[in-house]
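Chains V and G supply the protein sequences, listed in that same order. Numbering (our numbering) for the first sequence: 263 to 431. Numbering (our numbering) for the second sequence: 69 to 498. Report on one structure; see the data block that follows.
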Amino acid sequence: MATVVNRVGDDISTDVIYPGRYMATVLPSETPQYAFADDASFNGMLKAGHVSKGSVLVAGSNFGCGSSREQAVSAIKGHELVIVAKSVARIFLQNAVNLGLRIVICPTIVANEGDELEISETQVVNLRSNTRFPVVPLPKARQAIVDAGGVIAYTRERLLASKGHMDRR
Amino acid sequence: MGMTVAEKILARASGLPAVTAGDVVEPAVDLAMSHENAALVVNQFLEIYEGTLLSPKIWNPDRVAVIFDHRVPAESPKTASNQKKVREFVAAQLVRKFHDIRGDVGGICHQILPENGYVRPGAVVVGTDSHTTSHGALGAFAFGIGATEMASVWALGAVLNVEVPGTIKVVVKGRFQKHVSAKDLILHLIGRLTAQGANFKVLEFHGDTIRRMPTSGRLVLCNMSVEAGATAGIVPADEETLRYLRDEAGVTDAVTPVVPDPDARYERVIEVNVAKLEPQIACPHTVDNVKSIDQVMGRAINQVVIGSCTNGRLDDLAVAAKIMKGRKVAASTRMLIFPASARIFQQALAKGYVKTFMEAGAVVMNSGCGPCLGVHEGALGDGEVALSTTNRNFKGRMGNPKSEVYLCSPAVAAASALVGAITDPRLGGN
Numbered sequence: 263m264a265t266v267v268n269r270v271g272d273d274i275s276t277d278v279i280y281p282g283r284y285m286a287t288v289l290p291s292e293t294p295q296y297a298f299a300d301d302a303s304f305n306g307m308l309k310a311g312h313v314s315k316g317s318v319l320v321a322g323s324n325f326g327c328g329s330s331r332e333q334a335v336s337a338i339k340g341h342e343l344v345i346v347a348k349s350v351a352r353i354f355l356q357n358a359v360n361l362g363l364r365i366v367i368c369p370t371i372v373a374n375e376g377d378e379l380e381i382s383e384t385q386v387v388n389l390r391s392n393t394r395f396p397v398v399p400l401p402k403a404r405q406a407i408v409d410a411g412g413v414i415a416y417t418r419e420r421l422l423a424s425k426g427h428m429d430r431r
Numbered sequence: 069m070g071m072t073v074a075e076k077i078l079a080r081a082s083g084l085p086a087v088t089a090g091d092v093v094e095p096a097v098d099l100a101m102s103h104e105n106a107a108l109v110v111n112q113f114l115e116i117y118e119g120t121l122l123s124p125k126i127w128n129p130d131r132v133a134v135i136f137d138h139r140v141p142a143e144s145p146k147t148a149s150n151q152k153k154v155r156e157f158v159a160a161q162l163v164r165k166f167h168d169i170r171g172d173v174g175g176i177c178h179q180i181l182p183e184n185g186y187v188r189p190g191a192v193v194v195g196t197d198s199h200t201t202s203h204g205a206l207g208a209f210a211f212g213i214g215a216t217e218m219a220s221v222w223a224l225g226a227v228l229n230v231e232v233p234g235t236i237k238v239v240v241k242g243r244f245q246k247h248v249s250a251k252d253l254i255l256h257l258i259g260r261l262t263a264q265g266a267n268f269k270v271l272e273f274h275g276d277t278i279r280r281m282p283t284s285g286r287l288v289l290c291n292m293s294v295e296a297g298a299t300a301g302i303v304p305a306d307e308e309t310l311r312y313l314r315d316e317a318g319v320t321d322a323v324t325p326v327v328p329d330p331d332a333r334y335e336r337v338i339e340v341n342v343a344k345l346e347p348q349i350a351c352p353h354t355v356d357n358v359k360s361i362d363q364v365m366g367r368a369i370n371q372v373v374i375g376s377c378t379n380g381r382l383d384d385l386a387v388a389a390k391i392m393k394g395r396k397v398a399a400s401t402r403m404l405i406f407p408a409s410a411r412i413f414q415q416a417l418a419k420g421y422v423k424t425f426m427e428a429g430a431v432v433m434n435s436g437c438g439p440c441l442g443v444h445e446g447a448l449g450d451g452e453v454a455l456s457t458t459n460r461n462f463k464g465r466m467g468n469p470k471s472e473v474y475l476c477s478p479a480v481a482a483a484s485a486l487v488g489a490i491t492d493p494r495l496g497g498n
């Protein structure tokens, strides 16, 4: 069970998630402080540690549109938020898979701040309204990377396999 | 069954006789581009190699390009240190397609790649920048990826698990009215498709309007295809592509265009006739909030920007200079102009455009992304309004969430700067 901590609309861009003026900050250990930096109240909650891990951000369609900046993903990932969105822009989705940010694509989701959700691979259940919403599986191309635990681990495996050097230590 | 341009390119790059939309492939990469965010790519690249006993080595340094453009010259010690780290890394890895902060060979990545002949028709190009779609203007399959994915490309020379996208065919007919251009066409299309209408799709551009359009205009179309969510925009290479590569990019070796099969399968066909197209404006705060100019005329503006990877090319500056020659930027308005590359800056100097701009009161800045992404210059004050030839108007885009950004063509930007309000360039004397 997970609590919805915030609900945002359609076309939330990476400029909103991680404003360009913080782009010189790249390390995943440093980016979370700037998550939704222009939304003083949500950013404040996140920075103050008032949002527990596994909490849900519910979004409309085309979440993460715009710039390819990966900080937008690492900033959210740093707070261990789960995104439940009606749809997600391509590069953001790819970055999320690559970094292991959990994204649930749920085209019909209706949920408000404070609602409790039960999320499985096939559906999201809103326990307040007692309504079920089907989940769209990730594009099949990305599942192998999810299964490997992200693109760094996946690439490392591939590199070692291709060099015939299986000593992982 | 026939293939689209994207399918043909991905089949070739994946070593397959044919692919079709929905297939999962692993295309070899012909060019992998990064800008300052190479600092993050370097981190992730080194992490891939941790514990492997292999030494971190880019698979083929001749296929990697690094261009500093987002924050040039550096606005902070942090940026300068990131740039220093990347500079040292590319030197050690023997990356020769490196464009540092320079007045001879520097500029914006999406201009540096075409003007140096780094992109060829049929190539697979990836870049850690969403506007990498630009390079489809030369008949390549070019798309944006994240920094960690780029680290994987540096290691393996291929993009992992790419799902072949379906293609939307866009057929454009008719001749533009005076002062209406490629920017108005793409804004119109984005308004029709919406910001997500082409998500995970390719826009493949056809029609007599496209055939007549110079590469500079095609770059605008492909650049902003991503604003409709598209994975890539592609103009199939033709005589104009070969002319551009030969005459402007100095390419001397043989170039083979990739064209779609006559029986290629498209998910949708969209037709546009531009003969009656009016100048288009994308209003705050989404790129698909597009209106004809008559609906927003007279809106007072505090700052006009001409430049960026979308509209900072010589043709764009020529249009603006013609409108502005002998006239003055309104006292209530600041005007900033950023040529897309140092080469374009020098050409603009030689043609007298820079003199025209400065005499009009515009500030001509060094080549780079400038205020487009709100990092280090040209920020807006609270409540201020900008009119810009750039590609995004999201809330906070120019550095201040309490400001507004309208997007337009160079002709609209120039005419409006003279008045201090959004103005239809067709009404002016020039």
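Heads up, the beta-carbon is just placed ideally off N, CA and C, and yes, glycines get one too. On a predicted model such as this, the values are computed, not experimentally measured, just so you know.
Sequence-distant residues of its chain with Cβ nearer than 8 Å to residue i (five each side left out)
i: residue 388/G; result: 374, 405, 421, 425, 478, 479, 481, 482
i: residue 418/V; result: none
i: residue 365/G; result: 489, 490, 491, 492
i: residue 310/V; result: none
i: residue 230/G; result: 78, 92, 93, 94, 95
Whole-angstrom C-beta distance between residue j and residue i, which should lie under 8 Å
i: residue 225/G; j: residue 96/G; result: 6 Å
i: residue 475/G; j: residue 461/G; result: 5 Å
i: residue 201/G; j: residue 214/G; result: So it is not a contact: roughly 15 Å between Cβ atoms.
i: residue 199/G; j: residue 377/G; result: 5 Å
i: residue 338/V; j: residue 279/V; result: 7 Å
Residue environment, residue i, which counts as buried when at least 16 other CB atoms sit within 10 Å
i: residue 375/V; result: exposed
i: residue 326/V; result: buried
i: residue 269/G; result: buried
i: residue 418/G; result: exposed
i: residue 332/V; result: buried
i: residue 272/G; result: buried
i: residue 275/V; result: buried
i: residue 303/V; result: exposed
i: residue 439/G; result: buried
i: residue 86/G; result: exposed
i: residue 312/V; result: exposed
i: residue 416/G; result: buried
i: residue 163/G; result: buried
Delimiting residues of the beta strand (DSSP E) encompassing residue i
i: residue 126/G; result: Run containing residue 126/G: none; DSSP gives neither H nor E here.
i: residue 402/G; result: 402-406
i: residue 234/G; result: 234-241
i: residue 435/G; result: Note, residue 435/G: premise wrong, no beta strand (DSSP E); not H, not E.
i: residue 462/G; result: It is not in any beta strand (DSSP E) - residue 462/G carries neither H nor E in the DSSP assignment.
i: residue 396/V; result: 393-396
i: residue 385/V; result: 385-388
Where residue i falls: helix, strand or coil (DSSP)
i: residue 281/V; result: coil
i: residue 199/G; result: helix
i: residue 335/V; result: helix
i: residue 324/G; result: coil
i: residue 216/G; result: helix
i: residue 85/G; result: coil
i: residue 336/G; result: strand
i: residue 376/G; result: helix
i: residue 423/G; result: helix
i: residue 327/V; result: strand
i: residue 268/G; result: coil
i: residue 431/V; result: Because the pLDDT at residue 431/V is just 40, under 50, the model does not fix this residue reliably, and the point stays unresolved.
i: residue 500/G; result: Since the first and last residues shown for chain G are 69 and 498, residue 500/G lies out of range.
i: residue 164/G; result: coil
Boundaries of the alpha helix (DSSP H) in which residue i is found, first to last residue
i: residue 522/G; result: Nothing about residue 522/G can be reported from this structure: the residues present for chain G run from 69 to 498 only.
i: residue 256/G; result: 250-261
i: residue 296/V; result: No alpha helix (DSSP H) holds residue 296/V; DSSP gives it neither H nor E.
i: residue 425/V; result: Taken as a continuous stretch (DSSP letters only), residue 425/V belongs to no alpha helix (DSSP H), as it is neither H nor E.
i: residue 360/V; result: 352-361
i: residue 244/G; result: No alpha helix (DSSP H) contains residue 244/G, which DSSP labels as neither H nor E.
i: residue 349/G; result: Element bounds for residue 349/G: not the alpha helix (DSSP H) but the beta strand (DSSP E), 348-350.
i: residue 135/G; result: Where residue 135/G is concerned, there is no enclosing alpha helix (DSSP H), although the beta strand (DSSP E) it sits in stretches over 132-135.
Cutoff 6 Å; reference residue i; Cβ partners in own chain excluding five residues on either side
i: residue 472/G; result: 352, 453
i: residue 377/V; result: 266, 388, 390
i: residue 318/V; result: 264, 266, 344, 346, 379
i: residue 436/G; result: 137, 140
Same chain only: Cβ atoms within 7 Å of residue i, ignoring 5 sequence neighbours per side
i: residue 487/G; result: 398
i: residue 385/V; result: 394, 395, 396, 397
i: residue 324/V; result: 272, 273, 349, 351
Under 7 Å from the C-beta of residue i: neighbouring residues of chain A
i: residue 133/G; result: Among the protein chains of the structure shown, namely V and G, there is no chain A.
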